[in-house]
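Peer 1: In the numbering used here, the protein residues as written are 41 to 546.
(1) In whole angstroms, what is the alpha-carbon distance linking residue 309 and residue 363?
(2) Where does residue 130 sit, in a helix, a strand or coil, going by DSSP?
(3) On the premise that residue 436 lies in contact with residue 105, defined as a C-beta separation below 8 Å, what is that separation, rounded to the nearest angstrom?
(4) Using the Cα positions of residue 158 and residue 395, report the straight-line distance between them to the nearest angstrom.
(5) Taking the alpha carbon of residue 542 as the reference point, which residue from 491, 533, 372 has its own alpha carbon closest?
(6) Specify the secondary structure class of residue 454 as computed by DSSP and reduced to three states.
(7) Look up residue 44 in the DSSP assignment and say whether it is helix, strand or coil.
(8) Please report how far the alpha carbon of residue 63 lies from the alpha carbon of residue 528, in whole angstroms.
(9) Please list the terminal residues of the continuous alpha helix (DSSP H) segment that includes residue 537.
(10) Mind checking which residues open and close the beta strand (DSSP E) that includes residue 299?
(11) Is the CB-CB distance between residue 483 and residue 473 below 9 Å?
(12) Would you tell me roughly how many angstroms separate the C-alpha atoms of residue 281 and residue 321, rounded to the nearest one?
(13) Can you tell me whether residue 256 is buried or exposed, with buried defined as 16 or more other CB within 10 angstroms of its CB?
(14) Rounded to a whole number of angstroms, what is the C-alpha to C-alpha distance between residue 173 and residue 358?
(15) Restricting to runs no shorter than 3 residues, where is the beta strand (DSSP E) found entirely within the stretch 198-284?
(16) DSSP has residue 114 in a bridge; who is on the other side?
(17) Among the residues of its own chain, which have a CB less than 7 Å from the CB of residue 199, if the five just before and after it don't count?
(18) Under the three-state reduction of DSSP, which class applies to residue 60: helix, strand or coil?
(19) Have a look at residue 302 and residue 407 and give me their C-alpha separation to the nearest angstrom.
(20) Just to confirm the assignment, what range does the beta strand (DSSP E) spanning residue 312 have?
(21) Is the Cβ-Cβ distance between residue 427 and residue 384 less than 9 Å?
(22) Quick test of the definition: if touching needs 3 or more C-beta pairs under 8 Å, does the stretch 101-120 touch the stretch 129-142?
(23) Reducing DSSP to helix, strand and coil, say where residue 391 ends up.
(24) Between the C-alpha atoms of residue 76 and residue 197, what's the straight-line distance to the nearest angstrom?
(25) What is the residue span of the alpha helix (DSSP H) that residue 339 lies within?
(26) With a threshold of 16 other CB atoms inside 10 Å of the CB of residue 495, please say whether the residue is buried or exposed.
(27) Let's test the definition: count the other Cβ atoms within 10 Å of the Cβ of residue 286 and tell me whether it reaches 16, buried, or not, exposed.
(28) Apply the 10 Å Cβ neighbour rule to residue 369 and answer buried if 16 or more other Cβ atoms are within range, or exposed otherwise.
(29) Just curious, the beta strand (DSSP E) that residue 371 is in, first and last residue?
(30) Say whether the stretch 435-449 touches the stretch 476-492, bearing in mind that this needs 3 or more beta-carbon pairs closer than 8 Å, one atom from each stretch.
(31) Are the stretch 115-125 and the stretch 413-425 touching by the rule of at least three beta carbon pairs closer than 8 Å?
(32) Would you mind reading off the limits of the beta strand (DSSP E) that contains residue 23?
(33) Hey, how far is the Cα of residue 241 from the Cα of residue 486?
(34) Just checking my contact of residue 275 with residue 299 at CB under 8 Å: how many whole Å lie between their CB atoms?
(35) Please classify residue 13: does DSSP put it in a helix, a strand, or coil?
(36) What's the C-alpha gap between residue 239 and residue 254?
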């Protein structure tokens, strides 16, 4: 009977030779779309502080519940397919909870692994308020979560800022509201149970996840209401892409009549209709700066047309752009690709239990690692000198994992102009992808089919970058059509870079 590994540590040499993934990818679709729509209905049924808490926490709750539900779906599909589940108990906490009778999922499946990084929330908010109420003038902005677009905006506007916080994980003193948490969790469960017949205690996990997030946010709301922050507020709050704390501070600033300005990260979202994206970055936002006016217009249009999951207050957001100095500088300093049969493979992250994401955004770790090992082996057999540039974040050690399949592994901050290569190969479009598009390097993207393209913008992308849609074989693995991939790499554009850079960074 074949073992199906559900995490990277449970892989073995045998897994690579016989790997299968007996989980239909369409089984994830409701989690990525229908469940999100149901969650928005649940949000609209709430009021007062509970609604504020759920608004700020909704994307986190959806990701956590989806991860638990996905694991239950995968276990059932593997067993229904006549296979055995293989997993590492430390790497797959949720799976271990499901498969060990009587063991309940902890209050939040990431809390134990992150407790060494945790700070007491009361101290955390005290630090925010302490910094915010520093005796400065009312002009300028409170600043947090700095990114490149925000840095450029601050320099161009020449505004005074007060640094409100640093990013880290923490756990604090929750404010209990058992009735509201029970009601919300029950509605989440009902929505999922209409679509799936779970054989594992998903409902209990949903209760714990919901209570964890909502009570945490309620405690923070109460703290902010008691604070003296409102007496020393500047013109508004400016940030990069927010986490939960940024969304909550966004509510507080807007509630006191202040502007909340945010700046995009990456640049690649212009090409994708990432349905859940607004729930993470747009709650309690007044103005959103994109990398280009094209990106700003596209985002506004998608919100209006229902291509995104939308909260009612998002319809009033102003989308703007002053361009991206960073990416224009990359283009100006760029050198053309070399004809040296060297390929730079820029890998994505392994997410596991600590940093789960929606299945419409990234594929699970196991089939992704299986694909990587087969892809890199093929490329070397095809005569390429393969240099792997792993993502700096995520779990495990991607450099160590991929080293056997590469000629070299580079551990350094990413800069497309630091390499002398013939082509860059990506299988996920993130920050490094967009940085490379801004250069004069040739680029190929292998589309693994999880993120839905904006077909209008894809046509523009293909003028700059060859794109190949991989598909899946009968075993559920990413289909490695060697001839098609070779052709896609050969067809990576060698010109048109200036027009692309002007469209998407100016």
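Virtual Cβ for every residue (Gly too), placed ideally from N, Cα, C.
Peer 2: The structure says:
(1) Within the chain shown, numbered from 1, the residue matching residue 309 stands at position 269. Within the chain shown, numbered from 1, the residue matching residue 363 stands at position 323. Roughly 15 Å between the two C-alpha positions.
(2) Numbered from 1 along the chain shown, position 90 holds the residue referred to as residue 130. Correct three-state label for residue 130: coil.
(3) By 1-based counting over the chain shown, the position of residue 105 is 65. By 1-based counting over the chain shown, the position of residue 436 is 396. Rounded, the Cβ-Cβ distance is 24 Å, inconsistent with contact.
(4) Here residue 158 refers to the residue found at position 118 of the chain shown. Here residue 395 refers to the residue found at position 355 of the chain shown. With a pLDDT of only 36 at residue 158, under the threshold of 50, the placement of this residue in the model should not be trusted; the figure read from the coordinates follows. Rounded to whole angstroms, residue 158 to residue 395 spans 16 Å at the Cα level.
(5) Within the chain shown, numbered from 1, the residue matching residue 542 stands at position 502. The residue with the shortest Cα to Cα distance from residue 542 is 372.
(6) In the chain shown, the residue the question calls residue 454 occupies position 414. Looking at residue 454 - three-state DSSP - the assignment turns out to be coil, as it is neither helix nor strand.
(7) Your numbering for residue 44 matches position 4 in the chain shown. In this structure, residue 44 counts as strand in the three-state DSSP scheme.
(8) By one-based count along the chain shown, residue 63 stands at place 23. By one-based count along the chain shown, residue 528 stands at place 488. Cα-Cα distance, rounded: 28 Å.
(9) In the chain shown, counting from the first residue as 1, residue 537 sits at position 497. That run of the alpha helix (DSSP H) goes 537-545.
(10) For the purposes of this step, residue 299 is identified with residue 259 of the chain shown, where counting begins at 1. From DSSP, the beta strand (DSSP E) with residue 299 extends over 299-303.
(11) Reading the chain shown from its first residue, position 443 is the one you call residue 483. Reading the chain shown from its first residue, position 433 is the one you call residue 473. A contact, by the Cβ cut-off of 9 Å.
(12) If you number the chain shown from 1, residue 281 lands on position 241. If you number the chain shown from 1, residue 321 lands on position 281. Going by the C-alpha atoms only, they are around 6 Å apart.
(13) Your numbering for residue 256 matches position 216 in the chain shown. Buried is the call here.
(14) Start at 1 with the first residue of the chain shown, and residue 173 comes out as number 133. Start at 1 with the first residue of the chain shown, and residue 358 comes out as number 318. Confidence at residue 173 is low in this model, with a pLDDT of 44, below 50, so its placement is unreliable and the value that follows should be read with caution. C-alpha separation (whole angstroms): 28 Å.
(15) 201-203, 276-279
(16) For the purposes of this step, residue 114 is taken as the residue at position 74 of the chain shown. Residue 114 is not bridged to any residue.
(17) Numbered from 1 along the chain shown, position 159 holds the residue referred to as residue 199. Excluding sequence neighbours, residue 199 sits near 180, 181.
(18) As a first step, residue 60 must be located in the chain shown, where it is residue number 20. Looking at residue 60 - three-state DSSP - the assignment turns out to be coil, as it is neither helix nor strand.
(19) Numbered from its first residue, the chain shown carries residue 302 at position 262. Numbered from its first residue, the chain shown carries residue 407 at position 367. Roughly 35 Å between the two C-alpha positions.
(20) Taking the first residue of the chain shown as position 1, residue 312 is located at position 272. No beta strand (DSSP E) holds residue 312; DSSP gives it neither H nor E.
(21) Locating residue 427 in the chain shown gives position 387, where the first residue counts as 1. Locating residue 384 in the chain shown gives position 344, where the first residue counts as 1. Yes, these two residues count as a Cβ contact at 9 Å.
(22) yes
(23) Taking the chain shown and counting its residues from 1, one reaches residue 391 at position 351. Note: residue 391 maps to coil in three-state DSSP.
(24) For the purposes of this step, residue 76 is identified with residue 36 of the chain shown, where counting begins at 1. For the purposes of this step, residue 197 is identified with residue 157 of the chain shown, where counting begins at 1. Cα to Cα, residue 76 sits roughly 37 Å from residue 197.
(25) Against the chain shown, residue 339 aligns to sequence position 299. Looking at the DSSP string, the run of the alpha helix (DSSP H) that includes residue 339 is 333-345.
(26) Here residue 495 refers to the residue found at position 455 when the chain shown is read from its first residue. That one is exposed.
(27) Reading the chain shown from its first residue, position 246 is the one you call residue 286. By the 10 Å Cβ count, residue 286 comes out buried.
(28) Residue mapping note: residue 369 aligns to position 329 of the chain shown, counting from 1. It is exposed - the Cβ of residue 369 has fewer than 16 other Cβ atoms within 10 Å.
(29) Taking the first residue of the chain shown as position 1, residue 371 is located at position 331. From DSSP, residue 371 is part of no beta strand (DSSP E) but of the alpha helix (DSSP H) over 365-372.
(30) no
(31) no
(32) Nothing about residue 23 can be reported from this structure: the residues present for the chain run from 41 to 546 only.
(33) As a working note, residue 241 is residue 201 in the chain shown. As a working note, residue 486 is residue 446 in the chain shown. The alpha-carbon atoms of residue 241 and residue 486 are separated by roughly 37 Å.
(34) Position 235 of the chain shown, counting from 1, holds the residue named residue 275. Position 259 of the chain shown, counting from 1, holds the residue named residue 299. About 6 Å separates the two Cβ atoms, so the contact holds.
(35) As shown, the chain starts at 41 and ends at 546. That puts residue 13 outside it, with no answer to give.
(36) Start at 1 with the first residue of the chain shown, and residue 239 comes out as number 199. Start at 1 with the first residue of the chain shown, and residue 254 comes out as number 214. Spanning the two alpha carbons is a distance of roughly 26 Å.
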